[in-house]
Amino acid sequence: MRATVAADPVKERIVTPQQIQQAEWENPANWSTRGPLGVYFSKADPRIWVPKTRPGLGWTVNLAHPAGVAWMFGLLLLPTAVLIGVLAFACPCAGAG
């Protein structure tokens, strides 16, 4: 799928989805901060996972994407559920007596 954008009234240029994604990723308005803890939010970018702004620091979730929000909640809730489960089975005080 390609979109055309009129950059000049006389000429049209082809814009690929990859170019749109790259432009969205490079736009500072889509980042809370540009550092390693930056949060990415772009409705125009269909990707769920995007690379961090600094190479080698990994990937981050696009919180404008519904699946990105689900991933973020899952990443936060899973360790919490595991910790609660471990503590519930490890506590010797439950049921003693």
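Residue numbers for the sequence shown follow our numbering, beginning at 993 and rising by one. Think of the CB as a built atom: it goes at the ideal place given N, C-alpha and C, for glycine as much as any other residue.
1) By how many angstroms is the C-alpha of Phe1065 removed from the C-alpha of Pro1038?
2) Hey, Phe1033 and Leu1055 are a contact pair by Cβ (cut 8 Å); roughly how many whole angstroms apart?
3) Return helix, strand or coil for Val1031, following the three-state DSSP convention.
4) So for Thr1072, helix, strand or coil by DSSP?
5) Considering only DSSP beta bridges, list what Asn1022 is partnered with.
Straight from the coordinates:
1) 19 Å
2) 5 Å
3) coil
4) helix
5) Its beta-bridge partners do not exist; DSSP assigns none.
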